Structures are given as structure tokens and as C-alpha cells.
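Numbering of the sequence shown is given in numbering that gives the first Met the number 0, commencing with residue 0 and proceeding in unit increments.
For glycine and all other residues, C-beta sits at the position ideal for the given N, C-alpha and C.
All figures in this text were calculated on a predicted structure; none of them were measured in a lab.
Let me begin by presenting the structure, written as C-alpha cells, before commenting on it.
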Amino acid sequence: MSRRLISTGSPFEKTAGYSRAVIDGDFAFVAGTTGYDYATMTMPADVTSQSRNCFKTIEAALKEGGFAMADIVRATYYLTDARDVDAHFAVCGEVLGDIRPAATMLIVAGLYKPEMKVEIEVTAKRRNP
């Protein structure tokens, strides 16, 4: 299987030189994903909504690449405020509670835009049938 690039169609991907995800064999590498709501074209103010939106975008990219959320083996979370960790982890528990990938949480000074509270990146490995 050759390398395949997954795009959301955003012109920013070309400008910044990245793909939403890269599929390489049995692996999917999903780029850092922020909480933008593509249905309303807005960034919600709260970390809970942003975290849910991150996972929706990640799930869509994985699905396009032939993967499922259950294939996630690694997750890295970047939050801009330690006070948001519990709310973020509540969403992680809803989405990944049964999957339980290896995960890392980082509190960072900021993300690309100040309204961005969370960014999530994941790696998935296709399970053998």
C-alpha cells in the first residue's frame, strides 16, 4: 500500500505544507487537530465543545483512510490551560474510554490562534481482521 494524503480541503493545508492525515501501510498519522466546528465554521468558546470537534475531525480523517477510532494506539493532547484538563479528559473518556490508547497530555503556552484551547494528534494502526 502506498502513502496516501488525507485532506479536509482547507487551503491552509497547502499554505502550511501539511495533511490532515497521512496513511502509510497499516498506519494512520493524524495531524494536530483543533476544535474548529466545520458545520458552523466557528470555534466554540469552551474546551468541551472544542475537544468533541477535534475528535469528530479526527474520526472523519481516519474513516476516509479506512481506519476506525478503535484503531487509535497513541494520542497527544495539547491544552493551553491546566484548568481545562478535567473537562477535556471527560470527553476523552467518552470517546476513547474503551480504546485506551497510550496518551500524553501537555500544557502549552499557546496554540496558533488565542481562541484555540486544545489540539489533539493521534496515530492509528489498522487491526488485522
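- Distance between Phe-66 and Ile-22, taken at the CA atoms: about 9 Å.
- Secondary structure of Val-107 (DSSP, three-state): coil.
- In the structure shown, Ala-38 falls within a coil segment according to DSSP collapsed to helix, strand and coil.
- Judged by DSSP in its simplified three-state form, Ala-67 adopts coil rather than helix or strand.
- Excluding five sequence positions before and after Thr-7, the CB atoms of its chain that fall closer than 6 Å to its own CB belong to Arg-19, given in chain order.
- Between Arg-125 and the set Lys-62, Tyr-111, Ala-30, Lys-13, the nearest pair of CA atoms involves Lys-62.
- Taking a contact as a CB-CB distance under 8 Å, the pair Ala-123 and Val-90 does not count as one, their CB atoms being some 18 Å apart.
- With respect to the 8 Å criterion, Ala-102 and Ala-60 are not classified as neighbours on the basis of their beta carbons.
- In the structure shown, Ala-44 falls within a coil segment according to DSSP collapsed to helix, strand and coil.
- Just measuring C-alpha positions, the residue of Ile-119, Gly-31, Ser-9, Gly-109 sitting nearest Met-40 is Ser-9.
- For Ile-57, the closest alpha carbon among the candidates Ala-44, Asp-45, Pro-43, Asp-36 is that of Asp-36.
- Looking at the backbone, the Cα of Tyr-76 and that of Lys-116 are separated by about 11 Å.
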